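Numbering (my numbering), first residue to last: 11 to 386.
Where a beta carbon is used, it is the ideal one built from N, C-alpha and C, also for glycine.
Keep in mind it's a predicted model, so treat the numbers as computed, not measured.
Step one of this worksheet: look at the structure below.
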Amino acid sequence: MKIRSAKYHIKQGAKSITKNGLMSVASIASVAVCAFMLIISLCIAINLDIALEKVEESIGISLYLGDEVNEDEIQELLTKLKSIPNVIDVAYMSKQDALDWAKKEWGDDKDILSGLEEDNPFPRSFELSIDGAKNQKQVIKDVTNLQKEFEEKLVKDRNKEEQAIQKIIENPIKESTTLKQTEQSTQVTTQSKETKTQTTSNLQSNTKAEETKVGIGDKGYEYIGIEKIRHSQKESEILLAISNTVRVASIIIIIILSAISVAIIVNTIKLTVYVRKTEINIMKYVGATDWFIRWPFVIEGIIIGIIGSIIPIILCIFGYREVVNLAYERMPFIKNYIEFKDTFSMFLSIAPVTIILGTLLGVIGSVNAIKKHLNV
Numbered sequence: 011m012k013i014r015s016a017k018y019h020i021k022q023g024a025k026s027i028t029k030n031g032l033m034s035v036a037s038i039a040s041v042a043v044c045a046f047m048l049i050i051s052l053c054i055a056i057n058l059d060i061a062l063e064k065v066e067e068s069i070g071i072s073l074y075l076g077d078e079v080n081e082d083e084i085q086e087l088l089t090k091l092k093s094i095p096n097v098i099d100v101a102y103m104s105k106q107d108a109l110d111w112a113k114k115e116w117g118d119d120k121d122i123l124s125g126l127e128e129d130n131p132f133p134r135s136f137e138l139s140i141d142g143a144k145n146q147k148q149v150i151k152d153v154t155n156l157q158k159e160f161e162e163k164l165v166k167d168r169n170k171e172e173q174a175i176q177k178i179i180e181n182p183i184k185e186s187t188t189l190k191q192t193e194q195s196t197q198v199t200t201q202s203k204e205t206k207t208q209t210t211s212n213l214q215s216n217t218k219a220e221e222t223k224v225g226i227g228d229k230g231y232e233y234i235g236i237e238k239i240r241h242s243q244k245e246s247e248i249l250l251a252i253s254n255t256v257r258v259a260s261i262i263i264i265i266i267l268s269a270i271s272v273a274i275i276v277n278t279i280k281l282t283v284y285v286r287k288t289e290i291n292i293m294k295y296v297g298a299t300d301w302f303i304r305w306p307f308v309i310e311g312i313i314i315g316i317i318g319s320i321i322p323i324i325l326c327i328f329g330y331r332e333v334v335n336l337a338y339e340r341m342p343f344i345k346n347y348i349e350f351k352d353t354f355s356m357f358l359s360i361a362p363v364t365i366i367l368g369t370l371l372g373v374i375g376s377v378n379a380i381k382k383h384l385n386v
């Protein structure tokens, strides 16, 4: 396109907007509303992504150990935890480390914890870092299976130790005198009946105990190895659900508003075509090309789209800054959960997308109007 022709097309496009004032304003307003909804959706989506990133950084699983677990078993457990897929890092925290961390968190009130040095109530623990929120559910499942496996091994080892000790305690001491052996032999007959009765009673009580015993993994079972598993799966799932809902709703709203905007722009261009019908026929008669006739209408649509997108960008940037300041002022605690994107960075994120959308709506509207209402 030559510079002279470009100037002519831009001039004619701008002139058409001023001639059809009300329709042009309606077209600009429809594009502005669509762009406004896009900006709001982008602002929410961008800040939700920031919140999700922060949650993912802090996403992890805490495993609290019982007092019976020894150092060798801790090292064995550490090796198994590191072998779980999607576990980035495993950090061990001793009782003293946990107490030091609590003092740091309490800040000026840390003196309250000074009396806990000798009798430290904080449990030993493992902190697992996970590769993304999407993998948390599977890692929790793997850790839960490991908890049961580790508990079974721990209980089995403890039972072996208890049985060995019991055998030592129950080992009969050989009597050195014949007198005691004689006395014991005379008492065998009288005690045999009592022994049978006691044995039968003990067997019955043991059977009942076995029937009522809670198994590993059953509800109510108290673990002695990994006593507790703590995670934030529900919180991350809620954030992901909100983020996905906002995205889907935004896309639906933008599609509907885009269709409305294109329809209004088509009617605006249609009116311009009707006004310039005689001029268009003359241009065709003297040999003007199809695109020479089309370009002023395309330029008109582009101008409408750009103006319609710039207005909400300016309004939303000032509004965004005020909303962020108000949120921090009214809800100071929110800083602990989300850091809103700064105004300038938000402007750089939304301005290009919004202007491109507005321009596309203008071009689509003008091309459709020409296609339907111009026989060129």
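- Taken atom to atom, the span from the alpha-carbon of Ser355 to that of Ile348 is near 16 Å.
- Looking only at Met33, Lys25 and Thr28, the smallest Cα-Cα distance to Asn277 is reached by Met33.
- Taking a C-beta distance under 8 Å as the contact criterion, Ala45 and Gly368 qualify as a contact pair.
- Secondary structure at Phe136: strand, using DSSP grouped into helix, strand and coil.
- Segment contact: the stretch 237-246 against the stretch 165-179, fewer than three CB-CB distances shorter than 8 Å; contact not assigned.
- Closest in C-alpha terms to Ile264, from the list Ser72, Ser15, Gly225 and Val363, comes Val363.
- Collapsing the DSSP output to three states places Ile252 in a helix.
- Among the bridge pairs identified by DSSP, Arg240 is matched with Ser72.
- CA-CA distance, Asp300 to Val308, rounds to 12 Å.
- DSSP places Val377 in the helix class (H, G or I) of the three-state scheme.
- Taking C-beta atoms as the reference points, Val149 and Asn96 count as a pair closer than 8 Å.
- Considering only Lys177, Ile274, Asn155 and Glu339, the residue with the shortest C-alpha distance to Ile226 is Asn155.
- Here the alpha carbons of Leu48 and Ala39 stand approximately 14 Å from one another.
- Counting the other CB atoms within 10 Å of its CB gives Met341 a total below 16, which places it among the exposed residues.
- Between the alpha carbons of Lys381 and Leu62 lies a gap of roughly 46 Å.
- Counting the other CB atoms within 10 Å of its CB gives Trp305 a total of 16 or more, which places it among the buried residues.
- In the displayed model, Val363 falls within a helix according to three-state DSSP.
- DSSP places Ile94 in the coil class of the three-state scheme, outside both helix and strand.
- Judged by their CB atoms, Ile140 and Ile60 are not nearer to each other than the 8 Å cut-off.
- Per DSSP, Met293 is one residue of the alpha helix (DSSP H) stretching across Lys287 to Tyr295.
- Relative to the Cα of Asp99, the nearest Cα in the group Leu370, Leu138, Ile320 and Lys351 belongs to Leu138.
- Judged by beta-carbon spacing, Ser51 lies within the 8 Å limit of Ser260, meaning their Cβ atoms are closer than that value.
- About 6 Å separates the beta carbons of Ser246 and Ile69, which is inside the 8 Å limit, making them a contact pair.
- Per DSSP, reduced to three states, the secondary structure at Met103 is strand.
- Ranked by how close their Cα comes to the Cα of Lys64, the residues Ile366, Lys345 and Asp77 have Lys345 in first place.
- Unbroken alpha helix (DSSP H) stretches of 4 residues or longer found wholly inside the stretch 136-163: none.
- With respect to the 8 Å criterion, Ile314 and Val41 are classified as neighbours on the basis of their beta carbons.
- For Leu336, the enclosing alpha helix (DSSP H) begins and ends at Asp300 to Arg340.
- Between the beta-carbon of Val373 and that of Gly311 there is about 5 Å, and that keeps the pair under the 8 Å contact cut.
- Under the three-state reduction of DSSP output, Tyr284 falls in the helix class.
- Taking His19 as the centre and dropping the five residues before and after it, the same chain places the C-beta of Trp305, Pro306 and Ile309 closer than 6 Å to its C-beta, in chain order.
- Phe343 carries a helical assignment under DSSP once its states are collapsed to helix, strand and coil.
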